[in-house]
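Engineer: Below is the structure I would like to discuss, written out as structure tokens.
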Amino acid sequence: MFKNKKKIEKNKQKTKQSFIILKKLLPYMRPYKNRLIMALISMSIVSLLTGILAYIVKPLINDIFVSKSFEELILIPLLVIAIFIAKGIFYYMEAYYTGYVGQNIIKNIRNDVYKSIVNLPVTKLNKIPTGVFIARITYDVNLIQHTVSNALSAIAKDILTIIVLLAVIFYMDFYLAIAVFILFPIAIIPVSLLGKKTRKTSIDTQNEMGNITKFLDETISNLRIVKAYNMQKFEIGRFKKLSDRLYRFLIRMTKIKGITVPFVELVGGIAVSSIIFLGGLQVIKYGYSPGSFFSFLTAILLLYEPVKSLSRLNNNLQEGIAASSRVFEIMEDNFEDISKGENLPKNIERLQIKNLYFSYNKENGFDLKNINLDAEKGKIIAIVGRSGAGKSTLSMLIPGFYKPNEGEILINGKNINLYSLKEIRDNISYVSQQVSLFNESVKFNIAYGASFENKNINNNIDKENINKHNSSEYNGDNSDMIINAAKLAYAHNFVINLPEGYDTLVDESGLRLSGGEKQRILMARAFLKNAPILILDEATASLDNESERHIQEALLNLCRDKIAIVIAHRLSTVKKADNIYVMENGEIVEQGNHEELIEIDGIYKNLLIKQMQ
Numbered sequence: 001m002f003k004n005k006k007k008i009e010k011n012k013q014k015t016k017q018s019f020i021i022l023k024k025l026l027p028y029m030r031p032y033k034n035r036l037i038m039a040l041i042s043m044s045i046v047s048l049l050t051g052i053l054a055y056i057v058k059p060l061i062n063d064i065f066v067s068k069s070f071e072e073l074i075l076i077p078l079l080v081i082a083i084f085i086a087k088g089i090f091y092y093m094e095a096y097y098t099g100y101v102g103q104n105i106i107k108n109i110r111n112d113v114y115k116s117i118v119n120l121p122v123t124k125l126n127k128i129p130t131g132v133f134i135a136r137i138t139y140d141v142n143l144i145q146h147t148v149s150n151a152l153s154a155i156a157k158d159i160l161t162i163i164v165l166l167a168v169i170f171y172m173d174f175y176l177a178i179a180v181f182i183l184f185p186i187a188i189i190p191v192s193l194l195g196k197k198t199r200k201t202s203i204d205t206q207n208e209m210g211n212i213t214k215f216l217d218e219t220i221s222n223l224r225i226v227k228a229y230n231m232q233k234f235e236i237g238r239f240k241k242l243s244d245r246l247y248r249f250l251i252r253m254t255k256i257k258g259i260t261v262p263f264v265e266l267v268g269g270i271a272v273s274s275i276i277f278l279g280g281l282q283v284i285k286y287g288y289s290p291g292s293f294f295s296f297l298t299a300i301l302l303l304y305e306p307v308k309s310l311s312r313l314n315n316n317l318q319e320g321i322a323a324s325s326r327v328f329e330i331m332e333d334n335f336e337d338i339s340k341g342e343n344l345p346k347n348i349e350r351l352q353i354k355n356l357y358f359s360y361n362k363e364n365g366f367d368l369k370n371i372n373l374d375a376e377k378g379k380i381i382a383i384v385g386r387s388g389a390g391k392s393t394l395s396m397l398i399p400g401f402y403k404p405n406e407g408e409i410l411i412n413g414k415n416i417n418l419y420s421l422k423e424i425r426d427n428i429s430y431v432s433q434q435v436s437l438f439n440e441s442v443k444f445n446i447a448y449g450a451s452f453e454n455k456n457i458n459n460n461i462d463k464e465n466i467n468k469h470n471s472s473e474y475n476g477d478n479s480d481m482i483i484n485a486a487k488l489a490y491a492h493n494f495v496i497n498l499p500e501g502y503d504t505l506v507d508e509s510g511l512r513l514s515g516g517e518k519q520r521i522l523m524a525r526a527f528l529k530n531a532p533i534l535i536l537d538e539a540t541a542s543l544d545n546e547s548e549r550h551i552q553e554a555l556l557n558l559c560r561d562k563i564a565i566v567i568a569h570r571l572s573t574v575k576k577a578d579n580i581y582v583m584e585n586g587e588i589v590e591q592g593n594h595e596e597l598i599e600i601d602g603i604y605k606n607l608l609i610k611q612m613q
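The opening position of the sequence shown corresponds to residue 1 in my numbering, with each subsequent residue numbered one higher.
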């Protein structure tokens, strides 16, 4: 008994969750209520005409085939044609309006899902594989689309048709209609149980689809590594296992769907057979007119299709509810509010880090410990150290990708937590060691994130171009600003030699370009943004010596009125920095300029000697 109570409680929770999810879909429908009303009117007329078709069978049989009335023979066929023409017109209207509303609902949900993903904090993004996000915005949203499209049409149209036909049935023969309802619970209970199985299987299927999407995202983007290590058979085997698991869930779903329709048809067949027997008995023994019986039977047969459609809809609803719960879970997650906070001062003179501690996972201890750093406008600050020392982690705290556990980061003596993230990131040109290029033109990649207002790159700007273009939506010709930024990053010479120059399309992940060329495009992007704070995280790691020397010269010129933080593994990059911080195991262990650190005869000098060997 306790087990049954637990099961009942679980079913109540699922039903409650279904209503909650359906309630969340309602705001997406409200903007289209007028079209929904038009769709409802069209559905009502189609349902009414279906009922009329069932009813006119009575005069068709009695007046034409029994009474042999020539007038009815002319009138009834014309009436049937008129009904089908009207039904076709309103059916088209219903299909158009429900399709319009359904597609707009899905478009808005898809847009909101993407917006939610983009606004998730980095800490959350790191925990969820990219493939899962892709599965949510494609597979899950497509399931919702399928459900909404069917539900908008079927729930209203089929229910209205059932109501109209039931009215005809009860009008024609009340007692015979009661017999029909005796069989209804027999069909409803098993269909409900099948719906619960459908929902569970749908959730499992979506999980497996997310795993496959994640796997494809990882392996296809790293196919060169797969081939380099001859791991093709291994990856094919891994994919086959995932594909087999998905296949098993899909087959289970196919079986559930496959058994639902035959079962409903069997119940329908039993019902029709029973009605034929009872109705035929009334005609033979009690003088019931053939026209009335066939009209009743026609209504029953017409009733069968919307009932069957609603039984199929239950499976679709369960799939859609399962998909919706996963989609809304992302949409309701804590997002990053980048607008909350104060504006930064116009003149940023100083950036300080005081007594900072940070950990990705507190159980494993602190990744950064007691960090103190001081960067002033017009000076280049360098952070160096071995791989894994914590340099990149420190660089990601400044733009607010992560929050320190202890200590503070100050801009002009004020904690950056008081400023809005938008303001902070607007005022930082950040070049990560991870290459981030879009499958767009070179021009697009350089201009990405830049505002084309108040730029002063190399004091050589086409003022008319500034007024023509704005923000990252820039799609004009090769402006002087983009070219100047490319020249500063020592990228212009190789870009003009590409097939279409600055309009050349960069393949996915910049595969057409060498590592050094990709890094120079990223440098050009940072130079074009021209923000008062410049952070370069291993931005010159893939450059040849000549390119590195040129960029060092550009940095010296560009950073005269900026706060520049250069993170580097190669010490040749930071020799001319005003202050160098040496990190080891998440701590700053040495500090000074190049000459001072050589005199200390510590970690910095040892690293320099090893790199010179």
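Glycine is no exception: its CB is placed at the ideal position from the N, C-alpha and C atoms.
Determine, using beta-carbon pairs with one atom in the stretch 421–431 and one in the stretch 532–550, whether at least three such pairs fall under 8 Å.
Structural biologist: Yes: the two stretches touch, three or more of their Cβ pairs being nearer than 8 Å.
Engineer: Where does the unbroken alpha helix (DSSP H) through Phe494 begin, and where does it stop?
Structural biologist: Against the sequence shown, residue 494 aligns to sequence position 494. Its alpha helix (DSSP H) spans residues His492 to Val495.
Engineer: Give the DSSP bridge partners of Asp537, in chain order.
Structural biologist: Position 537 of the sequence shown holds residue 537. Paired residues: Ile567.
Engineer: Suppose the cutoff is 7 Å on Cβ atoms and the five residues either side in sequence are ignored; what does the same chain contact list for Gly210 look like?
Structural biologist: If you number the sequence shown from 1, residue 210 lands on position 210. Taken in chain order, the residues that qualify are Gly131, Val132 and Ala135.
Engineer: Are the stretch 296–303 and the stretch 151–170 touching by the rule of at least three beta carbon pairs closer than 8 Å?
Structural biologist: With a cut-off of 8 Å, the stretch 151–170 and the stretch 296–303 count as touching, because enough Cβ pairs lie within range.
Engineer: Under 8 Å, with one C-beta from each stretch per pair, do the stretch 593–613 and the stretch 403–410 reach the 3-pair mark?
Structural biologist: The stretch 593–613 vs the stretch 403–410: no contact.
Engineer: Do three or more CB pairs link the stretch 355–368 to the stretch 329–337 at distances below 8 Å?
Structural biologist: No, because fewer than three Cβ pairs between the stretch 355–368 and the stretch 329–337 fall closer than 8 Å, the two stretches do not touch.
Engineer: Pull up the distance between the alpha-carbon of Lys58 and that of Arg248, whole angstroms please.
Structural biologist: Numbered from its first residue, the sequence shown carries residue 58 at position 58. Numbered from its first residue, the sequence shown carries residue 248 at position 248. Whole-angstrom Cα-Cα distance: 51 Å.
Engineer: Just to confirm the assignment, what range does the alpha helix (DSSP H) spanning Tyr604 have?
Structural biologist: Here residue 604 corresponds to residue number 604 of the sequence shown, with the count starting at 1. Looking at the DSSP string, the run of the alpha helix (DSSP H) that includes Tyr604 is Ile603 to Met612.
Engineer: In terms of DSSP beta bridges, what is Gly413 paired with?
Structural biologist: Here residue 413 refers to the residue found at position 413 of the sequence shown. None, per the DSSP bridge assignment.
Engineer: Let's test the definition: count the other Cβ atoms within 10 Å of the Cβ of Ile85 and tell me whether it reaches 16, buried, or not, exposed.
Structural biologist: Your numbering for residue 85 matches position 85 in the sequence shown. Exposed: under 16 other Cβ atoms inside 10 Å.
Engineer: Can you give me the start and stop residues for the alpha helix (DSSP H) that Glu595 sits inside?
Structural biologist: Counted from its first residue, the sequence shown places residue 595 at position 595. It spans His594 to Ile600 - the alpha helix (DSSP H) in which Glu595 sits, taken as one unbroken run.
Engineer: Check for me: the beta strand (DSSP E) holding Gln352 runs from which residue to which?
Structural biologist: As a working mapping, residue 352 is identified with position 352 in the sequence shown. That run of the beta strand (DSSP E) goes Arg350 to Phe358.
Engineer: Would you kindly check if the distance between the Cβ of Glu342 and the Cβ of Tyr419 is under 9 Å?
Structural biologist: Here residue 419 is taken as the residue at index 419 of the sequence shown, counted from 1. Here residue 342 is taken as the residue at index 342 of the sequence shown, counted from 1. Taking 9 Å as the Cβ cut-off, Tyr419 and Glu342 qualify as a contacting pair.
Engineer: DSSP on Asn142, reduced to helix/strand/coil?
Structural biologist: Sequence index remark: in the sequence shown, residue 142 carries index 142 (1-based). In this structure, Asn142 counts as helix in the three-state DSSP scheme.
Engineer: Given Glu473, which residues of its chain have a CB within under 8 Å of its CB, disregarding the five upstream and five downstream residues?
Structural biologist: Counted from its first residue, the sequence shown places residue 473 at position 473. Residue placement at Glu473 is flagged as unreliable, the pLDDT there being 38, under the threshold of 50; the coordinate-derived value follows with that caveat. Once the five neighbours on either side are set aside, Glu473 has no close Cβ partner at all.
Engineer: Using the three-state DSSP reduction, which class does Gln206 fall into: helix, strand or coil?
Structural biologist: If you number the sequence shown from 1, residue 206 lands on position 206. Residue state, collapsed to three classes: helix.
Engineer: Is the stretch 490–497 close to the stretch 517–526, with three or more CB pairs under 8 Å?
Structural biologist: Judged by Cβ distances under 8 Å, the stretch 490–497 makes contact with the stretch 517–526, as three or more pairs qualify.
Engineer: Would you tell me roughly how many angstroms separate the C-alpha atoms of Ile20 and Met38, rounded to the nearest one?
Structural biologist: By one-based count along the sequence shown, residue 20 stands at place 20. By one-based count along the sequence shown, residue 38 stands at place 38. Those two C-alpha atoms are separated by around 26 Å.
Engineer: Can you give me the C-alpha to C-alpha distance between Gly592 and Tyr448, rounded to a whole angstrom?
Structural biologist: Counting from 1 along the sequence shown, the entry for residue 592 is found at position 592. Counting from 1 along the sequence shown, the entry for residue 448 is found at position 448. The alpha-carbon atoms of Gly592 and Tyr448 are separated by roughly 35 Å.
Engineer: For Ser441, name the three-state secondary structure that DSSP assigns.
Structural biologist: Residue 441 sits at position 441 when you count from the first residue of the sequence shown. Looking at Ser441 - three-state DSSP - the assignment turns out to be strand.
Engineer: Per DSSP, what kind of secondary structure is Asp374 in: helix, strand or coil?
Structural biologist: As a first step, residue 374 must be located in the sequence shown, where it is residue number 374. It is a strand residue.
Engineer: At which residues does the beta strand (DSSP E) containing Val164 begin and terminate?
Structural biologist: For the purposes of this step, residue 164 is taken as residue 164 along the sequence shown, with counting starting at 1. Not the beta strand (DSSP E): Val164 falls in the alpha helix (DSSP H), residues Ile159 to Met172.
Engineer: Between the alpha carbons of Asn370 and Lys414, how many angstroms are there, rounded?
Structural biologist: For this step, residue 370 is matched to residue 370 along the sequence shown. For this step, residue 414 is matched to residue 414 along the sequence shown. Their Cα atoms are separated by approximately 19 Å.
Engineer: Considering Cα atoms alone, identify which of Arg512, Met523 and Asp507 is closest to Ile661.
Structural biologist: In the structure as shown, the chain starts at 1 and stops at 613, and residue 661 therefore has no counterpart that could be examined.
Engineer: In the DSSP assignment, what are the bridge partners of Ser429?
Structural biologist: Stepping through the sequence shown from its first residue, residue 429 is reached at position 429. Answer is Leu534.
Engineer: Which whole-angstrom value is the C-beta distance of Ile203 and Leu246, which I expect to be below 8 Å?
Structural biologist: Translated into positions along the sequence shown, residue 203 becomes position 203. Translated into positions along the sequence shown, residue 246 becomes position 246. About 13 Å separates the two Cβ atoms, so there is no contact after all.
Engineer: Count the other CB atoms within 10 Å of the CB of Leu505; is the residue buried (16 or more) or exposed (fewer)?
Structural biologist: Residue mapping note: residue 505 aligns to position 505 of the sequence shown, counting from 1. Label assigned to Leu505: exposed.
Engineer: Please classify Thr123 as buried or exposed, where buried requires at least 16 other C-beta atoms within 10 Å of its C-beta.
Structural biologist: Numbered from 1 along the sequence shown, position 123 holds the residue referred to as residue 123. Exposed, since its Cβ has fewer than 16 Cβ neighbours within 10 Å.
Engineer: Run through the DSSP bridge pairs and tell me what Lys379 is partnered with.
Structural biologist: Counting from one through the sequence shown, the residue named residue 379 turns up at place 379. Ile563.
Engineer: What does the alpha-carbon distance come out to for the pair Leu534 and Glu406?
Structural biologist: Counted from its first residue, the sequence shown places residue 534 at position 534. Counted from its first residue, the sequence shown places residue 406 at position 406. Answer to the nearest angstrom: the Cα atoms are 24 Å apart.
Engineer: Note down the Cα distance separating Asn456 from Asn530, rounded to an integer number of angstroms.
Structural biologist: Residue numbering aside, residue 456 sits at position 456 when the sequence shown is read from its first letter. Residue numbering aside, residue 530 sits at position 530 when the sequence shown is read from its first letter. Model confidence at Asn456 stands at a pLDDT of 45, short of 50, so the residue's coordinates are unreliable; what they give is reported in the following sentence. The alpha-carbon atoms of Asn456 and Asn530 are separated by roughly 8 Å.
Engineer: Return the chain-ordered list of same chain residues with a C-beta closer than 6 Å to the C-beta of Tyr97, the five sequence neighbours on each side being excluded.
Structural biologist: Residue 97 sits at position 97 when you count from the first residue of the sequence shown. Arg35, Met38 and Ala39.
Engineer: Touch check for the stretch 370–388 and the stretch 316–325: three-plus C-beta pairs under 8 Å?
Structural biologist: With the cut-off at 8 Å, the stretch 370–388 and the stretch 316–325 do not touch.
Engineer: Using the three-state DSSP reduction, which class does Tyr581 fall into: helix, strand or coil?
Structural biologist: Stepping through the sequence shown from its first residue, residue 581 is reached at position 581. The answer is strand: DSSP assigns Tyr581 an E or B state.
Engineer: Thinking C-alpha only, which one of Asp217, Arg110 and Ile416 is nearest Asn427?
Structural biologist: Within the sequence shown, numbered from 1, the residue matching residue 427 stands at position 427. Cα-wise, what sits closest to Asn427 is Ile416.
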